[in-house]
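Residue numbers (the working numbering): 14 to 352.
Okay, so here's the structure we're looking at.
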Amino acid sequence: MAHDQIKKPRVLSGIQPSGNLTIGNYLGALKQWVAVQQEYDCFYCVVDLHAITMPQDPAELRQKTRESAAMYIAAGIDPDVSTIFVQSQIPAHSELAWMLTCMAPLGWLQRMTQFKDKSAKQAQESIGTGLLNYPSLMAADILLYHAELVPVGDDQRQHLEFTRDLAQRFNHLYGETFTLPSVMTPKAGARVMGLDNPTAKMSKSEDSDNHAIFLLDELPRARKKIMRAVTDSRREIRFSSDPERAGINNLLTIYQAISGDSREAIEAAFAGKGYGDLKRAVADCVLGTLEPLQTRYHQLMNEAGYLDAVLRGGREKAAAIAEDTLKLAQERVGFLAAT
Ligand code: ATP
Ligand code: LTN
């Protein structure tokens, strides 16, 4: 077999279009997506079905869906190499999610940290059950493509374990159907914390002013947020797991994720320097990442029809694979095929 005919193992991942993408989404997810795209057959989706597990404005959701897809490309995903698509445009995701929902134990779902965190912020009566079923839909996304590797941030590890357990359960009940996926998280940047509150994960749907660096933040604004980041009253610039030092640790981690330098080299470089020096250095490297990304983003958003063509092509390619897997799962479960 010629080299380029050897099948590459598959990767699948997604981000919710539930707001503007942050530097957390970039360092935890997008940067890894770009890194694996030559070696794997990659599928990257905009998970709008997941976004509606929390309330969304319809016009805004549509807009954020396009913007997220454009951001994947601006961050370095090459649509000629990887497949970019919108989750809701492929009904197989919802259909397999239903089958998986029916075999997902309630106890497993109730144990998910993301569910516990997000439901704790709402009145019991107003929590949509989609928030509880969220991991079954995520499992469907992954299993439909027989993905072997799923690059995500640290907060998604538990959902990946759930996906493996559910796939095993299905395979046990109905015979070998799904591939068990492995999680992939980055060495640095798997959990970027809020700049205003370094004990909470940086999140795109948190609406306090200095919480997140958005990938489309104007550069002076991004710099200002970093200069205002919460730190502590000590002076030492060291990596630390002490919650009191979470602010400095977060800045150092962002610096490590972008520079690629070792922890030792970074600590040595900042020995004897002040927090202001560290913040300036972090701001410089963050801005160095944002600037080219923003230029590409604006270019491709201005290119009429380009993004739609990418999403159309992505949908076709993804749908063919997803439909085959769905059909197999339906047969295994015992659904009567339409004639
Ligand atoms: P929301 O606030 O709407 O729940 P989010 O910002 O947490 O969203 P998701 O869409 O849930 O983002 O996550 C997309 C990807 O980005 C996932 O792989 C997730 O692990 C990663 N990610 C999100 N936030 C961070 C973060 N602070 N640090 C590292 N990775 C992150
Ligand atoms: N739950 C993920 C988003 C997501 C995802 C996926 C990630 C939905 N489906 C499939 C990897 C693979 C999150 O980041 N909140």
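The beta carbon of each residue, even a glycine, is placed where N, CA and C say it ideally should be.
This one's a predicted model, so the numbers in the text were calculated from it and none came from an experiment.
So the beta strand (DSSP E) C58 belongs to, where does it begin and stop? D54 to V59
Kindly list the residues whose CB is nearer than 8 Å to the CB of L144, restricted to its own chain and excluding five residues on each side of it in sequence; keep chain order. T66, M67, F128, K131 and S132
For Q50, collect the residues of the same chain with a Cβ closer than 7 Å to its Cβ; drop the 5 residues on either side in sequence, then sort them by chain order. I90, D91, V94 and S95
Give every residue of the same chain whose Cβ lies closer than 7 Å to the Cβ of A83, excluding the five residues on either side of it in the sequence, and list them in chain order. Around A83: Y310, L313, M314 and L320.
Check this for me: beta carbons of R345 and T190, under 9 Å apart or not? yes
Taking Cβ positions, are K217 and G41 nearer each other than 9 Å? no
Quick check: the stretch 276-293 against the stretch 245-262, are there 3 or more CB pairs under 8 Å? yes
State whether the stretch 158-169 contacts the stretch 331-349, with contact taken as three or more CB pairs (one from each stretch) at a distance under 8 Å. yes
Per-residue burial, H185 [other beta carbons within 10 Å of its own, 16 or more giving buried]: exposed
Can you tell me where the alpha helix (DSSP H) holding R79 begins and where it ends? P71 to A87
Among A351, T176 and G289, whose alpha-carbon lies nearest the alpha-carbon of L122? T176
Contact test: A110 Cβ vs the ligand SAH heavy atom, cutoff 8 Å: Among the ligands modelled here, namely the ligand ATP and the ligand LTN, the ligand SAH does not occur.
Quick one: is F98 buried, meaning 16 or more other Cβ sit within 10 Å of its Cβ, or exposed? buried
Look at D358 and P30 and say whether their C-beta atoms are less than 9 Å apart. Look at the range of the chain in this structure, 14 to 352, and you will see that residue 358 is not part of it.
Cutoff 9 Å: K286 Cβ touching any chain B Cβ: Structure shown: chain B not included; a single protein chain is present.
Cut-off 7 Å between Cβ atoms - residues of its own chain near A259, not counting five sequence neighbours on either side: M206, P211 and T212
Using 8 Å as the cut-off, classify the Cβ of D167 as near or not near the heavy atoms of the ligand ATP, replying yes or no. yes
Using alpha carbons as the reference points, say which of D274, L264, Q171 and E316 lies closest to L291. L264
T266 versus G202 - alpha carbon distance: 6 Å
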